[in-house]
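Quick notes on the structure that follows.
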Amino acid sequence: MEAQADNAAKTRPKFDKSTLIWVGLGVIIITIAGINLWSAFDTKLEESPNLPKLVEARVPDFNLTDQQGQSLSLSDMAGKIWIADFIFTNCPTICPAMTQEMARLQSEFIADLVYFVSFSVDPERDTPKVLFRYASAYGADSRRWHFLTGDKAQIYQLAKEGFSLAAGHKGSEILHSPRFVLVKADGNIHDFYDSRSKPAMLRLRRDIKALLKK
């Protein structure tokens, strides 16, 4: 019996520490790859629901006030490629990340004629003076990046009917979409992009470059 046990022990496969380490690393790599794949798929799902058809989806006219106290309307953006979003300066959740992403885009396209418009969904508190401080904190170039305030009803209607994006209140909570909207030089909406999604932001950058070549 002892001889059989010794023979069985000799025939068992042996794993040294280096083998176990490589096996562990392989499991970790496979797990990370699976998470990234699911994240990309899940983000793609988030981008698709309830978006308008993009055939002749034109931005309606507006007349609001920027951080410099200057009036800005749709006609001022005629012939310009621009990116729009809806934020507010007291937002404790997604707005800082959205504005940081917009600031990165401003830096990346500094040599190109690309403009940025951030509409405040809390215009009663976001006065031009407040927006000026907020814009300065993110290095916004006031010649290319406009932070707009004005009549709340107009802004909410613009978000919902003009851009098909969420905007409103739920009790004391202010609701708005995390999406960016790329607007073409003719005033028509090109597409929508989830600012939280790396694939969506890469797609936005590709689309901007394609429009700049036209």
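Under my numbering, the first residue of the sequence shown carries the number 11, and numbering increases by one thereafter.
Glycine included, every Cβ here is placed at the ideal spot set by N, Cα and C.
Under three-state DSSP, which class holds Val140? Correct three-state label for Val140: helix.
Short of 7 angstroms in beta carbon distance, which residues of its chain neighbour Val140, apart from the five on each side in sequence? Order them along the chain. Cβ-Cβ distances below 7 angstroms link Val140 to Thr99 in the same chain, with the five nearest sequence neighbours on each side left out; the list follows chain order.
Which one of Arg68, Ala67, Leu74 has the shortest CA to CA distance from Ile165? Distances from the alpha-carbon of Ile165 to those of Arg68, Ala67, Leu74 put Leu74 closest.
Look at the alpha carbon of Thr159 and the alpha carbon of Glu111, and state the distance between them as a whole number of angstroms. Rounded to whole angstroms, Thr159 to Glu111 spans 20 angstroms at the Cα level.
Per-residue burial, Ile184 [other beta carbons within 10 Å of its own, 16 or more giving buried]: In this structure Ile184 is buried. Its beta-carbon is surrounded by 16 or more other beta-carbon atoms within 10 angstroms.
Where does Ser207 land, buried or exposed, given buried means 16+ other C-beta within 10 angstroms? Looking at its Cβ environment, which holds 16 or more other Cβ atoms inside 10 Å, Ser207 is buried.
Along the chain, where does the beta strand (DSSP E) containing Glu183 start, and where does it finish? For Glu183, the enclosing beta strand (DSSP E) covers residues 183-186.
Could you check whether the segment 144-155 touches the segment 171-181, counting it as contact only if at least three pairs of C-beta atoms, one from each stretch, sit closer than 8 angstroms? Taking one beta carbon from each stretch, the segment 144-155 and the segment 171-181 have fewer than 3 pairs nearer than 8 angstroms; the two do not touch.
According to DSSP, is Gly172 helix, strand or coil? DSSP places Gly172 in helix when its eight states are reduced to three.
State yes or no: is the C-beta of Val241 within less than 9 angstroms of the C-beta of His200? Residue 241 lies beyond the range of the chain shown here (11 to 224); nothing can be said about it.
Classify Gln116 as buried or exposed, calling it buried when 16 or more other Cβ atoms lie within 10 Å of its own Cβ. With 16 or more Cβ atoms within 10 Å of its Cβ, Gln116 is classed as buried.
Round the Cβ separation of Leu222 and Ile91 to the nearest angstrom and send it over; I've been treating them as touching at under 8 angstroms. Sure, about 7 angstroms apart at Cβ, within 8 angstroms.
How many angstroms separate the CA atom of Ala163 from the CA atom of Asp196? Taking the straight line from one Cα to the other gives about 25 angstroms.
Any beta strand (DSSP E) of 3 or more consecutive residues that is wholly inside the segment 77-163: Qualifying beta strand (DSSP E) stretches, in chain order: 81-83, 91-97, 124-130, 155-158.
From Asp71, Gly79, Asp95, pick the residue whose C-alpha is nearest to that of Ser85; which is it? Checking every option, the nearest Cα to that of Ser85 belongs to Asp71.
Going by beta-carbon coordinates alone, are Arg189 and Phe202 separated by less than 9 angstroms? Yes, Cβ-Cβ distance for Arg189 and Phe202 is below 9 angstroms.
The alpha helix (DSSP H) spanning Arg216 covers which residue range? 208-223 is the span of the alpha helix (DSSP H), which, as asked, contains Arg216.
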